[in-house]
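Respectively, the protein sequence lines represent chains A and B. Numbering-wise, the first sequence is residues 1 to 219 according to the numbering used here. Numbering-wise, the second sequence is residues 1001 to 1535 according to the numbering used here.
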Amino acid sequence: MPLHAANTLEEIPATHAETGLRAAARPATLALNDALPLALKRDSIQLLLQSPNKLFLYWSFATDPHATLRAAFGELASHYRLAVRLVKVESGEEFVLDAPKERMQWFEVYPRHVYRADVGFHAESRPFVRLLSSNELSTPPDRASLMSAEEQEFQVKAEDFVRLLSGAGYARYAQGLTGEPSGGNGSRQPGHDDVVENPVPQTASAHVSREEANEYPHR
Amino acid sequence: MPHGFFSLILHAHLPFVRHPEHAEFLEEDWLYEAITEVYLPLLQVFSSLHMAGAKPRLALNLSPTLCEMLADPLLQTRYTRHLENLCALAEKEIARTRHSDDARQFIPVARMYRRSLRTVYQLWHEVYQRDLVRGFRELQDAGVCEIMTCAATHGFLPLISNTESRRAQIEIAVANYQKHFGRRPRGIWLPECAYAEGIETLLAAAGIEYFIADTHAILYGEPRPRYGVYAPVKCANGVAAFARDLSTSQQVWSSIIGYPGDENYREFYRDIGWDAPLEYLLPHLHADGERRHLGLKYHRVTGRDVPLADKQPYHPRLARERAATHAAHFVDERIKQCARQRAALDGRRPLISSPYDAELFGHWWFEGVQFLGHIFRELARRQDEITTVSPADYLDAHTHLQTQYLSPSSWGAEGYYKVWLNDTNAWLYPHQHAAEARMTALANHYTAPLDELTARALNQAARELLLAQSSDWAFQIAHATTVEYATRRFRSHIARFNALADDIEHGEIDVARLTEIELRDNLFAELDYRAYCSR
């Protein structure tokens, strides 16, 4: 519940009579302009979900990867650039781009797919040299499921579900629920979100904003 | 027979804003304002309803950081001082409005503040004797509310990098709940209603039976939900999920169609702290003499596009009447909604789950607590048409739920994780995740601590990590509200964590610094860092 402007002080001005708090010789605070170094220089890579259409990747190295490259490839090292590779796990499709200095990258992706990202060295017509490989991450759906329940009590046909949602004011959640495999459950119909194309790094948001119900300050 | 069920769910949370290093601190006021405007009025309203035999029933989440602050003696003492200061200002306002021609129109409002603050003072000192956690515990024991837990420091679970740290947020919260409420929680409010696959496994391991999720967690779940959002579903491991009903959210949250935008309700942003002459206010401001919101507001909304300077005087009686009218409308709409959905659900009685931030009621929407009181009186009057339940009540009566794989989601803008992960705050996560990995490594290494001092340092390192994980910092940075404060808090907790971890690893613990950090960040005295061990 953020209410007002910030008070920025955290230093202890003096021994505090009310609390008995006493400042230690070595500071327990950090000036706002001081750098906040990563405690451990470590090899790390993490792929995070922002939405069905966007992922965030960051990484770090324990040692200079270019030194590793030079040691391994000698003169050939000059052909390689540090790169980020996004892999669509189910199909193996991949998209490679130069790794930014900031060691972080946004990707625009598709709902309902599994992705992984690698950081490594890339050269034209040569295999990608993988140094770091991220966690695999499933993007969530951005629409209702084409599957109905197997249990009879909970089965609902797509048109009935659309009617239910529309009648309750949830019509926008029923988008794309057209057609259903005969039998009403099980296999998914090839559909709208199964179009496979190369994912692209972020240039502009591809989101269609959901109507925002919450307008008062709130999470 | 009633047409269906209604479940009101309130989420009360504040980040840990205790600053012993200063005699006064602006962000501590968040807590004091919420005690005055939200928590004490809620206790009063629901106690009154209970005493009157209205049998109110709701679910309430009190986050562990909030419980720890409410139980903290320093903050209790400081709140007492804050309240006395406010009462003194309210007394002064009676004289000011009486003796000035311009201000005479505000006399009824000044009287309202004096009366309500006197009530708050009496509740604080005499009824609850500064112990609001006890007040809520007694309401739970009396069957008025079912209190849920939350993650320990409101960490955004899907963006926590390892299982150990996610699990620690839940286990530490459960232990803290037991300390404050003397029993185990049945339900949890997932911070920001943020769900990701696998969280249910950690909940089940902690003995939690259900959680609250956003609408599309279930509507986009697989397979599609037979009853939409009008019945909970269960995950494959049996943990139940209740989805937010969007129409009830909009009716309260939306500034366009929502009740709080009514022209008769009190205007939040017009405050005496900015309107009155500075010299008049000085005794009631912090020592820095800076203007700030003081909570006495004399104007009404007036109209959606009316500039602050043109807002008209507030009339408490008219606002009270509107709150009663809106409550009757709200209940009537829920009954109609239940009847309509029951027909659409082949006769199955729907459940409408309505979760809200508790701080909306009384703070952002001044008349909100009155509104809640009227709602439960109206629900009692119309109990033949609609039944009020808590989520656990519903589960006790309905054991057969549809099994679903829920969709990752949150209740933030656009429905996923964007508020907590975007260009403004993505820089937090490499630091947070490094600390999470390091905490797990430390816990695994020191499964039996070398000595008491090392155990103290390990426990405090865990507290610093937990505080760094609060979703509030990323939220505040994203919304550009209190960016410098949020940034400083995050950086401080990471820096303290790293300093403690360095000391532990080097086997040279700086006792003075550890003691200082313990006195600053003194929450979760019961914490055991071994919650971070890998299993």
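The C-beta atom is built at its ideal place from N, Cα and C for all residues, glycine as well.
Using a Cβ-Cβ cut-off of 6 Å (strictly less than) and excluding sequence neighbours within five positions of residue i, which residues of its own chain qualify?
| i | result |
| --- | --- |
| B:R1322 | D1262 and N1264 |
| B:L1345 | Y1227 |
| B:G1215 | Note that residue 1215 of chain B is Thr in the sequence shown here, rather than Gly. If we look at B:T1215 and ignore the five residues flanking it on each side, its Cβ neighbours are V1229, A1243, R1244 and L1246. |
| B:L1466 | A1152 and T1153 |
| B:A1110 | E1093, I1094 and T1097 |
| B:A1525 | none |
Can you give me the Cβ contacts of residue i inside the same chain, cut-off strictly under 7 Å, excluding the 5 residues immediately before and after it?
| i | result |
| --- | --- |
| B:R984 | Absent from the structure is residue 984 of chain B, since the part of chain B shown begins at 1001 and ends at 1535. |
| B:F1376 | L1049, A1054 and P1056 |
| B:R1114 | A1090, E1091 and I1094 |
| B:A1457 | L1500, D1503, I1504, I1509 and L1514 |
| B:A1103 | R1096 and T1097 |
| A:Y173 | A144 and L165 |
| B:P1191 | C1150, A1151, H1154, G1155, F1156, L1157 and S1471 |
| B:Y1538 | Beyond the ends of chain B as shown, which are 1001 and 1535, falls residue 1538 of chain B; an answer cannot be given. |
| B:E1033 | G1295 and H1363 |
| A:M1 | With a pLDDT of 42 at A:M1, under the threshold of 50, the predicted position of this residue should be treated as unreliable, and no value is reported. |
According to DSSP, what are the bridge partners of residue i?
| i | result |
| --- | --- |
| A:V119 | A:V84 and A:L132 |
| A:K54 | A:S51 and A:E108 |
| B:K1234 | B:A1240 and B:T1403 |
| B:G1187 | B:Y1210 |
| A:V96 | A:R85 |
| B:N1085 | Answer by DSSP bridge pairing: none, since B:N1085 is not bridged. |
| B:L1058 | B:C1145 |
| B:W1365 | B:F1361 |
| A:I45 | A:W59 |
| B:H1326 | Answer is none; B:H1326 lacks a bridge partner. |
| B:L1123 | None; B:L1123 has no bridge partner. |
For residue i, which three-state DSSP category applies?
| i | result |
| --- | --- |
| B:D1310 | helix |
| B:L1519 | helix |
| A:A168 | coil |
| B:M1148 | strand |
| A:H113 | coil |
| B:V1045 | helix |
| B:G1004 | strand |
| B:Q1432 | helix |
| B:S1390 | coil |
| B:P1355 | strand |
| B:I1256 | coil |
| B:A1287 | coil |
| B:E1222 | strand |
| B:I1009 | strand |
| B:G1155 | strand |
| B:R1496 | helix |
| B:R1348 | coil |
| B:L1202 | helix |
Less than 8 Å between the C-beta atoms of residue i and residue j, yes or no?
| i | j | result |
| --- | --- | --- |
| B:E1164 | B:S1470 | no |
| B:L1406 | B:A1213 | yes |
| A:D118 | A:L132 | yes |
| B:L1401 | B:A1240 | yes |
| B:L1132 | B:L1070 | yes |
| B:L1074 | B:P1020 | yes |
| B:A1468 | B:H1493 | yes |
| A:R116 | A:Y58 | no |
| B:F1046 | B:I1352 | no |
| B:I1170 | B:A1196 | no |
| A:E75 | A:R85 | no |
| B:V1174 | B:R1184 | yes |
| A:F128 | A:L69 | no |
| B:H1374 | B:A1324 | yes |
If we define contact as Cβ-Cβ less than 8 Å, is residue i a contact residue for chain D?
| i | result |
| --- | --- |
| B:H1315 | Included in the structure are the protein chains A and B, with no chain D among them. |
So, for residue i: in the same chain, excluding its five sequence neighbours on each side, which residues have a beta-carbon less than 8 Å away from its beta-carbon?
| i | result |
| --- | --- |
| B:G1221 | V1233, Q1404, Y1405, L1406 and S1407 |
| A:H66 | A77 and L82 |
| B:D1271 | H1293, L1294, G1295, L1296 and K1297 |
| B:T1342 | One point to set straight first is that residue 1342 of chain B is Arg, not Thr, in the sequence displayed. Hits under 8 Å: H1003, G1004, R1348, R1349 and P1350. |
(message) Please identify, using Cβ separations under 9 Å, the residues of the segment 1500 to 1524 of chain B that lie next to chain A, in order along the chain.
(response) A1501, D1502, D1510, V1511, A1512, R1513, L1514, T1515, E1516, I1517, L1519 and R1520
(request) May I ask you to list, following chain order, the residues of the segment 1407 to 1420 of chain B that have a beta carbon less than 8 Å from some beta carbon of chain A? (result) S1407, P1408, S1409, W1411, G1412, A1413, E1414, G1415, Y1416, Y1417, K1418 and V1419
(message) If the cut-off is 9 Å on Cβ atoms, which residues from the segment 1057 to 1083 of chain B count as contacting chain A, listed in chain order?
(response) L1074, T1077 and R1078
(request) Could you run through the segment 1208 to 1221 of chain B and flag, in chain order, every residue whose CB is less than 8 Å away from some CB of chain A? (result) T1215, H1216, L1219, Y1220 and G1221
(request) Scan the segment 77 to 95 of chain A for residues whose Cβ lies nearer than 7 Å to a Cβ of chain B and list them as they occur along the chain. (result) none
(request) Quick one: which residues of the segment 1428 to 1455 of chain B get their C-beta closer than 8 Å to a C-beta of chain A? List them in chain order. (result) Y1429, P1430, H1431, H1433, A1434, A1435, A1437 and R1438
(request) With 9 Å as the C-beta to C-beta threshold (strictly closer), list the residues of the segment 135 to 158 of chain A near chain B in chain order. (result) N135, S138, T139, P140, P141, D142, R143, A144, S145, L146, M147, S148, A149, E150, E151, E153, F154, Q155, V156 and A158
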